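**Student:** I have a structure here, written as structure tokens, and I will follow up with some questions on it.
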Amino acid sequence: MGTSNKQFMMGYKQFVKRLFPYLKKHLGKLVFTSIMMVFATLLETAIPEITGQIVDTLFSNNRSSNKAFSYSVILFSVIALSSLFALTSTSASSWISNKVILDLRVNMFSKLIRLPKSYFDKHTTGETLSKLTFDVEQISAAASTIWLEFIKSSFTVIILTGYLFYKSFLLSLILLILLPLVYLAVKLSTSRIRKGSIKVQESMGKMTHLLDENISGNDLIKIYNAEDSEKNKFFNIINTIRQQRFKVDLAGGLNTSIVNALIGLSLACVVYFSSTFLVMSAGDFLAYFTAMGMLVKPAKTLININKPLQQAIVAGKSVFDLIDETPEDNSSNQPMNAVTGDIRYEKVSFSYDNEKSSLNQINLTISNGETIALVGSTGSGKTTLVNLLTRFYSPTSGKITINNENINEFDLVSYRSNFSYVDQNVRLFNDSISGNIAFGQKDKMSLERITNAAKISNSNEFIEKLDNKYDSEIGEDGVTLSGGQRQRLSIARAIAKDSPILILDEATSALDSATEKLVQSAINKMQKGRTTIIIAHRLSTIKNADRIIVLKDGEIIEQGTHSELIEASGEYLKLTQQQT
Numbered sequence: 004m005g006t007s008n009k010q011f012m013m014g015y016k017q018f019v020k021r022l023f024p025y026l027k028k029h030l031g032k033l034v035f036t037s038i039m040m041v042f043a044t045l046l047e048t049a050i051p052e053i054t055g056q057i058v059d060t061l062f063s064n065n066r067s068s069n070k071a072f073s074y075s076v077i078l079f080s081v082i083a084l085s086s087l088f089a090l091t092s093t094s095a096s097s098w099i100s101n102k103v104i105l106d107l108r109v110n111m112f113s114k115l116i117r118l119p120k121s122y123f124d125k126h127t128t129g130e131t132l133s134k135l136t137f138d139v140e141q142i143s144a145a146a147s148t149i150w151l152e153f154i155k156s157s158f159t160v161i162i163l164t165g166y167l168f169y170k171s172f173l174l175s176l177i178l179l180i181l182l183p184l185v186y187l188a189v190k191l192s193t194s195r196i197r198k199g200s201i202k203v204q205e206s207m208g209k210m211t212h213l214l215d216e217n218i219s220g221n222d223l224i225k226i227y228n229a230e231d232s233e234k235n236k237f238f239n240i241i242n243t244i245r246q247q248r249f250k251v252d253l254a255g256g257l258n259t260s261i262v263n264a265l266i267g268l269s270l271a272c273v274v275y276f277s278s279t280f281l282v283m284s285a286g287d288f289l290a291y292f293t294a295m296g297m298l299v300k301p302a303k304t305l306i307n308i309n310k311p312l313q314q315a316i317v318a319g320k321s322v323f324d325l326i327d328e329t330p331e332d333n334s335s336n337q338p339m340n341a342v343t344g345d346i347r348y349e350k351v352s353f354s355y356d357n358e359k360s361s362l363n364q365i366n367l368t369i370s371n372g373e374t375i376a377l378v379g380s381t382g383s384g385k386t387t388l389v390n391l392l393t394r395f396y397s398p399t400s401g402k403i404t405i406n407n408e409n410i411n412e413f414d415l416v417s418y419r420s421n422f423s424y425v426d427q428n429v430r431l432f433n434d435s436i437s438g439n440i441a442f443g444q445k446d447k448m449s450l451e452r453i454t455n456a457a458k459i460s461n462s463n464e465f466i467e468k469l470d471n472k473y474d475s476e477i478g479e480d481g482v483t484l485s486g487g488q489r490q491r492l493s494i495a496r497a498i499a500k501d502s503p504i505l506i507l508d509e510a511t512s513a514l515d516s517a518t519e520k521l522v523q524s525a526i527n528k529m530q531k532g533r534t535t536i537i538i539a540h541r542l543s544t545i546k547n548a549d550r551i552i553v554l555k556d557g558e559i560i561e562q563g564t565h566s567e568l569i570e571a572s573g574e575y576l577k578l579t580q581q582q583t
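Residues in the sequence shown are numbered consecutively from 4, following this note's numbering.
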């Protein structure tokens, strides 16, 4: 639960300091909004004095229709103008708040897509989604409601308190004795509210993650009859959220109850002292009592504002933690020129979180235009070797070079433009057919290039049968397509990118035999003139590779052609025998 303890590191001052840059660009509107609310508050706080004068003037023996009309116009004007100013202030505040949330989400998403793969290894999808949805919405209250209510309530309390002292200094002095009790109530509830808010936030992340798992893995849940167990998991999480929110609400409610009791005591004191020891006219009493009544709501608001403020501070810690995450190292501006040289791994070692090495002192040269296959049992280091080449991770020691230059010296965008990737676990996007084939270059790639890639991958046949052809929407992760169609579309995407280095992770695994032959033929054409790295699971698909690299426990133990490795009667032969 280290995360929970970290949450307490951000206090009110740090929260305001981090949020201020987002508010700073709207400083003019903030000042305007504040002025409007101040005007609204000033007019509203004039009501007690007006009502007092109305009673003393219009309900005395010297009644006058002219005075009655004048006071009626004044009262209506004050209330109407106050409402107009308040509406203007609230509208402007809402606009600022939504702009702040927009900027925060843009910054969060911009950082998210630049984070290293290691971040996503350590954080669940639900936790990250919760930051962008639930947590950032909590901050919106601080950017609008809390701030505006604080201004309005503070000014109201200050003005009305000053008015009460003006009307009766002695009576108001008596009421001040109750203020320390109000402060104590707020102090006691702050810690409970913040702790409860942290637990709600953590549970919301777990809930979002569980929902993501259940939606994406719905078929598995049905096949394995896991509905009840998943329902129990979900209930336990949302029940925790219910319990913690109840505790937060209870702490806030306890505050309100204490304040209400103290306010009731204050009003009772006003009635008693003003009617016994103090000499006050009916108008003065009504004005004083009205001011006291009007003081109730802003006083309660200032007390209750602590709850959403603490929630916003906790959420702010979560949001700004994401924004502060270190992105992928891309400090170089050197563009990657055309790949004309070899790829070299020079004494490359790598371990995840300083645990057991996944790769150990790898020395490997992949000639330009060569097709190599990486084979080995699960955990041998095949995927890690490719992840280092694509710079998803950096070697613990050693270096990787292309064209005799360290790959870390290149700008990431231009460097990765040299790679195309086809995964056996196809990932498509909720877009059109053409949008998926031209992924990342949708506005730049010609329709001719898209259709050519589809023809080579044998995708054009099924695309032409769709109602909207290349403009057909394929749904989330290509849900409207078959497994083979999704795989062919993924291959078309790689063909369309036309990169010099091609990475294939068992690219034909989801295809039937007839389609596999067609697609394999297309891949063979695509490989010409390109450096191709195949992560092989089915060894029957790599017999024609120029060279096969056999890995075991993070080390290269064999390499050669298919026939050479079979003749060597080593680890490769054992692997092929296991698959026959």
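Glycine included, C-beta positions come from ideal geometry on N, C-alpha and C. These numbers come from a predicted model, not from an experiment.
1. Beta carbon of Ser383, beta carbon of Leu554: below 8 angstroms?
2. Please list, in chain order, all residues of the same chain as Thr483 whose beta carbon is under 7 angstroms from its beta carbon, the five residues on each side excluded.
3. I need the DSSP call for Asp549, collapsed to helix, strand or coil.
4. Apart from the five residues on each side of it in sequence, which residues of its chain come closer than 7 angstroms, Cβ to Cβ, to Ile498?
5. Roughly how many angstroms separate the alpha carbons of Val160 and Leu298, rounded to a whole number?
6. Excluding five sequence neighbours on each side, which residues of the same chain lie with their C-beta closer than 6 angstroms to the C-beta of Ser206?
7. Quick check: what's the CA-CA separation for Ala285 versus Phe249?
8. Helix or strand or just coil, what does DSSP make of Thr128?
9. Just how far apart, CA to CA, sit Ile104 and Ile551?
10. Cα separation between Ser289 and Lys310?
11. Within its chain, find whatever has a CB closer than 6 angstroms to the CB of Leu84; leave out the 5 residues flanking it on each side and keep chain order.
12. In the DSSP assignment, find the unbroken beta strand (DSSP E) run with Asp508 in it and report its ends.
13. Thinking just about the alpha-carbon of each residue, which of Thr136, Leu213, Phe88, Asp252 is nearest to the one in Met39?
14. DSSP beta-bridge partners for Ser354?
15. Between Leu367 and the rest of its own chain, which residues show a CB-CB distance below 6 angstroms, the 5 nearest in sequence each way excluded?
16. Please name the residue in Leu176, Phe442, Met210 whose C-alpha comes closest to that of Thr127.
17. Quick one: what's got a C-beta closer than 7 angstroms to Gly55's C-beta in the same chain, skipping five residues either side?
18. Could you tell me the boundaries of the alpha helix (DSSP H) in which Gly487 lies?
19. Tell me which same chain residues have a C-beta within less than 7 angstroms of the C-beta of Val416, skipping the five on either side of it?
20. Where in the region 404-471 do unbroken runs of the beta strand (DSSP E), each at least 3 residues long, occur, reported from the N-terminal end onward?
21. Nearest to Pro119 by CA position, among Ser397, Gly372, Val342, is which residue?
22. Just checking my contact of Asp345 with Ile365 at CB under 8 angstroms: how many whole Å lie between their CB atoms?
23. Does the separation of the CB atoms of Val378 and Asp508 fall below 8 angstroms?
24. Short check: CB of Asn390 to CB of Gly557, under 8 angstroms?
25. Quick check: Leu392 and Ile375, are their CB atoms within less than 8 angstroms of each other?
26. Apart from the five residues just before and just after Asp59, which ones in its own chain have a Cβ nearer than 8 angstroms to its Cβ?
27. So what's Ala517 in DSSP terms, helix, strand or just coil?
28. The ligand FMN and Ser352: does the residue's C-beta get closer than 7 angstroms to at least one heavy atom of that ligand?
29. Look at the alpha carbon of Glu331 and the alpha carbon of Arg117, and state the distance between them as a whole number of angstroms.
30. Hey, quick one: how far does the alpha helix (DSSP H) through Ala315 stretch, first residue to last?
31. For the beta strand (DSSP E) containing Gln582, name the first residue and the last one.
32. Would you identify the three-state DSSP class for Gly532, choosing helix, strand or coil?
33. How close, in whole Å, do the beta carbons of Pro503 and Val342 come, if the pair is a contact with beta carbons under 8 angstroms?
34. Measuring CB to CB, does Ser92 end up less than 8 angstroms from Ala43?
35. To the nearest angstrom, report how far apart Gln427 and Ala517 are at their CA atoms.
**Tutor:** In short, the structure shows the following:
1. yes
2. Ile477
3. coil
4. Ala456, Ile459, Ser460, Met529
5. 6 angstroms
6. Ile240, Thr243, Ile244
7. 45 angstroms
8. helix
9. 52 angstroms
10. At residue 289 the sequence reads Leu, which differs from the Ser that was named. One C-alpha to the other measures close to 33 angstroms.
11. Leu46
12. 504-508
13. Phe88
14. Ser360
15. Tyr348
16. Met210
17. Gly286, Asp287, Leu289, Ala290
18. 486-500
19. none
20. 422-425
21. Ser397
22. Their Cβ separation, rounded to whole angstroms, is 15 angstroms, which puts Asp345 and Ile365 out of contact at 8 angstroms.
23. no
24. no
25. no
26. Ser284, Ala285, Gly286, Asp287
27. helix
28. Among the ligands in the structure shown, none appear at all, so the ligand FMN cannot be discussed.
29. 6 angstroms
30. 309-326
31. Neither: Gln582 is in no beta strand (DSSP E) and is coded neither H nor E.
32. coil
33. 4 angstroms
34. yes
35. 18 angstroms
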